[in-house]
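Chains as they are written, first to last, in this note's numbering: chain A, -18 to 217; chain B, -18 to 217. Contents: one structure, followed by commentary.
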DNA sequence: ATCATAAACTGATAAATGTCAGTTTTTAGT
DNA sequence: ACTAAAAACTGACATTTATCAGTTTATGAT
C-alpha cells in the first residue's frame, strides 16, 4: 500500500531512507510504507521548539531536513547541549521507550521539516521486527557509549581541550565545505553550551586558536586551517 | 528443564530474580531456566578486573553479589567512574548489543560473584521475547537519560555541588545502615573519580561538610547527618 | 596484633576559568 | 538597504580548583 497522504508537502520516507544511518533501514517495504502513511509532517522555522523537557510526548520525530539541537536546562536556565539531530536522525524515542517525560528540549537551529510518528507504531515495529529492534538498541547503545565518553571528557579535560574536541565533533557531524568551513552556524553561546563553559571563555579561546593559525573566523563561520593541530590539543 | 549445573557453588537465577530491578523478570520460566543452565559463575576478590576497556567481550555478566565499579581511563590514566553494579545488575551488555569493544573497565570493589552469559543467549532472548527486548531497551534508555543528566551536572555545577550530589546518589544506590552510615566504602580517590576532580579537593570539601555538620567521617565511613542540607548544596 | 604500604591529610602556590561591566560588531527581520 | 536587537568582544578582577611536596594516619594482608 502506498500512502495516499504522500504529496509535495509530505516528503516520503524514501528520501530519508537513502541516508546511511537511517534507523528504518531494516523495515520491510510494507512496514516502511505503513510508517510513511501514518506519519505527520511539519515545517519548523529556526528557533521553534519541537518538544520541551519535562513534557510528555506520545510519539517521536524523524528529521527530514534541517538541524535540531537537543539540550537540558541546568542551573540558572543555562543550556547544556547534549546532541544535534540532522536528516535521518530520530529524536524523542527515548521518552517513548522508557515511558518517561522528555529529558531534553529540542529546538530548531536550521529551518527543518520533521515527521511525527506515533509511539504505538514504534512499539509495534519492535515486536514485529527483531532486526529493527536490534537496530534501535544499537543506536541507543551507541548514544550511551558516546555519553560515557563525553562524561569522561568534561570531567578530565580542560576547557581548551574540550573546545578543540567540539570543533572536531562538529566537523565530523556536519562536514566542511570546499573552503574547509564548518557547515553549521552556532553562536558562541551555543558553543559554550556544548563545551560546558562561559561564553567569554569560548570567545577568548577561539581567538587564541585563530592566533595560533589553527582556525580562521568570519562571524559565525569557522574555517579549519590545521586539523592535526586541533587533534593534538584535544588529545586525539 | 532444571539445570543440572545448579549446586551450592553456582547460585540459581531465582535468587537474583527477587531483586526488583532484575532485567530477567519478563522471561518465561523456561527461558529463565535456559539462562540459568547456560551460565557460568565465578567469584572475584576485591580489586579483580572482570573485563577491560578496549577488549572484546562475547557475553555479559550479571552481578549475583558484591559491588563492581565501571570506569573509563582518561588522561594520564585517571579513572572516571561511570557507574556501579550491584546484585541483579548486568554489565557488558552494551558491548554485546552494539558489537563494539568494551568502553569501560569493570573492577570489583566488594568481593563479588558474577554469572557470565553468552552474547548469543541475549540475542536469542531479544528475538524470542519482545517484552524482554522492551525491558532491555528501557534499561538502556534509563541509563542514557542518567548519563545526560550527569553531563549537565558536570558541565554546570561546581565541585562542591557535585560532591554533595554524589553522596546523595550513593545513599540512594547503596542505602544507609541504622546509624545513617553509607553502606559502601570508597577511597577519597574513588570519590574524586566519580565527581571528576582532584583527590585533595574531595578531602578538603568533605572536611568542610563535616565542619558544617552535614556529615561525620570515620575513616572511609561516611555518616549522613543533614540530608536536606546536602540536597540544598547539590541543588535538589 | 603487627607492620609495611597505601591512603588521608595539610599548607602553600599556581593556573584556569568565571564574572561583571562596558564597547563594538554582526545578525536577522522589515 | 536599514535598523533595532542580539551577539561578539575586551579588560579587570575574583574565585575556584589543581598541583606539589611533605606529614600523619588508616588499612589490610600476614
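Glycine residues also receive a C-beta, built at the ideal position from the N, C-alpha and C atoms.
With 16 other Cβ atoms within 10 Å as the buried cut-off, status of residue i
i	result
residue 45 (chain B)	buried
residue 85 (chain B)	buried
residue 83 (chain B)	buried
residue 194 (chain A)	exposed
residue 185 (chain A)	exposed
residue 8 (chain A)	buried
residue -15 (chain A)	Interpretation of residue -15 (chain A) is limited by its pLDDT of 37, a score under 50 that renders its predicted location unreliable; no figure is taken from the coordinates.
residue -11 (chain B)	Model confidence at residue -11 (chain B) stands at a pLDDT of 42, short of 50, so the residue's coordinates are unreliable; what they give is reported in the following sentence. By the neighbour-count rule (16 or more Cβ atoms within 10 Å), residue -11 (chain B) is not buried but exposed.
residue 11 (chain B)	exposed
residue 174 (chain B)	buried
residue 190 (chain B)	buried
residue -1 (chain A)	exposed
residue 5 (chain A)	buried
residue 107 (chain B)	buried
residue 213 (chain B)	exposed
residue 137 (chain B)	buried
residue 41 (chain B)	buried
residue 30 (chain B)	exposed
residue 58 (chain B)	exposed
residue 28 (chain B)	exposed
Close-in-space but distant-in-sequence residues of the same chain around residue i (CB under 6 Å, 5 per side omitted)
i	result
residue 91 (chain A)	47 and 48
residue 51 (chain B)	63, 64, 85 and 87
residue 26 (chain B)	92
residue 38 (chain A)	32, 73, 76 and 83
residue 192 (chain A)	none
residue -17 (chain A)	The pLDDT assigned to residue -17 (chain A) is 37, lower than 50, so where the model puts this residue is not dependable; a value taken from the coordinates is nonetheless given after this. Correct list: empty, nothing qualifies.
residue 201 (chain B)	166
residue 178 (chain B)	140
residue 70 (chain A)	44
residue 35 (chain B)	82
Any C-beta of chain B under 7 Å from that of residue i
i	result
residue 129 (chain A)	yes
residue 73 (chain A)	no
residue 121 (chain A)	yes
residue 146 (chain A)	no
residue -15 (chain A)	Any reading at residue -15 (chain A) must be qualified, since the residue scores a pLDDT of 37, below 50, and its modelled position is unreliable; no value is offered.
residue 224 (chain A)	Since the first residue of chain A shown is -18 and the last is 217, residue 224 (chain A) is not available in this structure.
residue 133 (chain A)	yes
residue 33 (chain A)	no
residue 177 (chain A)	yes
residue 78 (chain A)	yes
residue 84 (chain A)	yes
residue -18 (chain A)	Only weak support is given to the placement of residue -18 (chain A): the predicted model assigns it a pLDDT of 38, under 50, and the question is left unresolved by the model.
residue 53 (chain A)	yes
Own chain residues within Cβ distance below 7 Å of residue i, not counting five before or after
i	result
residue 215 (chain B)	142, 145, 146 and 149
residue 80 (chain A)	none
residue 20 (chain A)	96, 97 and 98
Where residue i sits in the DSSP three-state scheme
i	result
residue 48 (chain B)	strand
residue 128 (chain A)	helix
residue 114 (chain A)	helix
residue 84 (chain A)	coil
residue 192 (chain B)	helix
residue 1 (chain B)	coil
residue 168 (chain A)	coil
residue 182 (chain B)	helix
residue 206 (chain A)	coil
residue -14 (chain A)	Bear in mind that the predicted position of residue -14 (chain A) carries a pLDDT of just 41, short of 50, making it unreliable; the figure below should be weighed with that in mind. Correct three-state label for residue -14 (chain A): coil.
residue 198 (chain B)	strand
residue 8 (chain A)	coil
residue 214 (chain B)	helix
residue 73 (chain B)	coil
residue 139 (chain B)	coil
residue 177 (chain B)	coil
CB contact check: residue i to chain A, cutoff 7 Å
i	result
residue -11 (chain B)	At residue -11 (chain B), the pLDDT of 42 sits below 50, so the modelled position is not reliable and the matter cannot be decided from this model.
residue 103 (chain B)	no
residue 43 (chain B)	no
residue 59 (chain B)	yes
residue 213 (chain B)	no
residue 20 (chain B)	no
Residues near residue i in its chain [Cβ-Cβ closer than 8 Å; skip 5 each side]
i	result
residue 158 (chain B)	164
residue -4 (chain B)	45
residue 206 (chain B)	161, 194, 195, 196 and 197
Legend entry - Touching by the beta-carbon criterion (3+ pairs, under 8 Å), the segment 10 to 19 of chain B and the segment 95 to 110 of chain A: With the cut-off at 8 Å, the segment 10 to 19 of chain B and the segment 95 to 110 of chain A do not touch.
Legend entry - Stretch pair the segment 126 to 140 of chain B + the segment 54 to 63 of chain A: three plus CB contacts closer than 8 Å: Yes, the segment 126 to 140 of chain B is in contact with the segment 54 to 63 of chain A.
Inset, instruction - Inspect the CB distances between the segment 106 to 121 of chain A and the segment 107 to 123 of chain B and report whether three or more fall short of 8 Å. - result: In short, these stretches touch, since the Cβ pair count reaches three.
Inset, instruction - Would you be able to state if there are at least three C-beta pairs under 8 Å between the segment 152 to 167 of chain A and the segment 119 to 128 of chain A? - result: Fewer than three pairs of CB atoms, one per stretch, sit closer than 8 Å, so the segment 119 to 128 of chain A makes no contact with the segment 152 to 167 of chain A.
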